[in-house]
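Novice: Residue numbers (the working numbering): 110 to 253. For glycine and all other residues, C-beta sits at the position ideal for the given N, C-alpha and C.
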Amino acid sequence: MATTITAYNQLSHIIANHDLDALTLKLALVTSAYTFAATHTLWSDASGSEVAAGDGYTTGGETIGSLSLTLATAQTTLDAADVTWTALTKTFRRAVCYASGTVIALTNPVLFSILFDDTPADIVVAGVDYQVRWNASGIILIGS
Numbered sequence: 110m111a112t113t114i115t116a117y118n119q120l121s122h123i124i125a126n127h128d129l130d131a132l133t134l135k136l137a138l139v140t141s142a143y144t145f146a147a148t149h150t151l152w153s154d155a156s157g158s159e160v161a162a163g164d165g166y167t168t169g170g171e172t173i174g175s176l177s178l179t180l181a182t183a184q185t186t187l188d189a190a191d192v193t194w195t196a197l198t199k200t201f202r203r204a205v206c207y208a209s210g211t212v213i214a215l216t217n218p219v220l221f222s223i224l225f226d227d228t229p230a231d232i233v234v235a236g237v238d239y240q241v242r243w244n245a246s247g248i249i250l251i252g253s
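1) Any chance the segment 222–239 sits against the segment 188–196, with 3 or more Cβ pairs inside 8 angstroms?
2) Give the single residue among Asn-217, Gly-165, Thr-185 and Asp-231 whose Cα lies nearest to the Cα of Leu-134.
3) Of the choices Lys-199, Ser-156 and Thr-148, whose alpha-carbon is the least far from that of Ser-209?
4) Just to confirm before moving on: does the CB-CB distance between Gly-247 and Gln-184 stay below 7 angstroms?
5) Rounded to the nearest angstrom, what separates Thr-172 and Glu-159 at their Cα positions?
6) Give the single residue among Thr-211, Thr-167 and Gln-119 whose Cα lies nearest to the Cα of Ala-146.
7) Using beta-carbon positions only, say whether Tyr-152 and Tyr-117 come within less than 7 angstroms of one another.
8) Could you check whether Asp-227 and Thr-113 sit closer than 7 angstroms to each other, using their CB atoms as the reference points?
9) Which residue wins for smallest C-alpha separation from Trp-243, given the options Phe-225, Tyr-166, Thr-140 and Val-234?
10) Does DSSP put Trp-152 in a helix, in a strand, or in coil?
11) Taking C-alpha atoms, which residue in Thr-144, Thr-198, Leu-187 and Gly-163 lies nearest to Ala-125?
12) Are the beta-carbon atoms of Ala-190 and Gly-174 separated by less than 7 angstroms?
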């Protein structure tokens with residue numbers, strides 16, 4: 110079982126044209142009914158497959174805190190605090206990160222998707238604190 114993060118096509122355009130760490134980013138859980146496509150642009154492309162509210166989950170997902178965007182000559186790094194759902198009881202396949210609000214004329218644009226199990230298989234949790242822990246090197250690295 111491996112976890113993969115895949116960017117949506119407009120991620121680099123949004124990073125190049127907007128101060129990402131000034132945005133409110135959300136991480137929402139979706140079921141296996143959602144089929145990832147890098148060409149999706151808005152949260153509404155995935156939100157129909159979001160897990161139901163309740164049992165430790167709030168519709169729209171959790172806000173990703175402590176965002177930082179580091180720009181270097183050949184590389185841009187996005188990092189943030191880990192995300193935790195407390196006492197979560199859900200079945201899900203992916204998480205979708207989106208910017209809450211209007212960014213470059215897009216309402217709630219999606220940035221990246223996390224496939225938690227590349228088998229692929231659903232993740233089933235019952236009453237646990239489920240945490241998405243970002244890599245120590247950051248969430249997304251763009252460039253060499």
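Specialist: With the given structure in hand:
1) yes
2) Asn-217
3) Ser-156
4) no
5) 15 angstroms
6) Gln-119
7) According to the sequence provided, residue 152 is Trp. The question's Tyr does not apply to it. No, these two residues do not count as a Cβ contact at 7 angstroms.
8) yes
9) Phe-225
10) helix
11) Leu-187
12) yes
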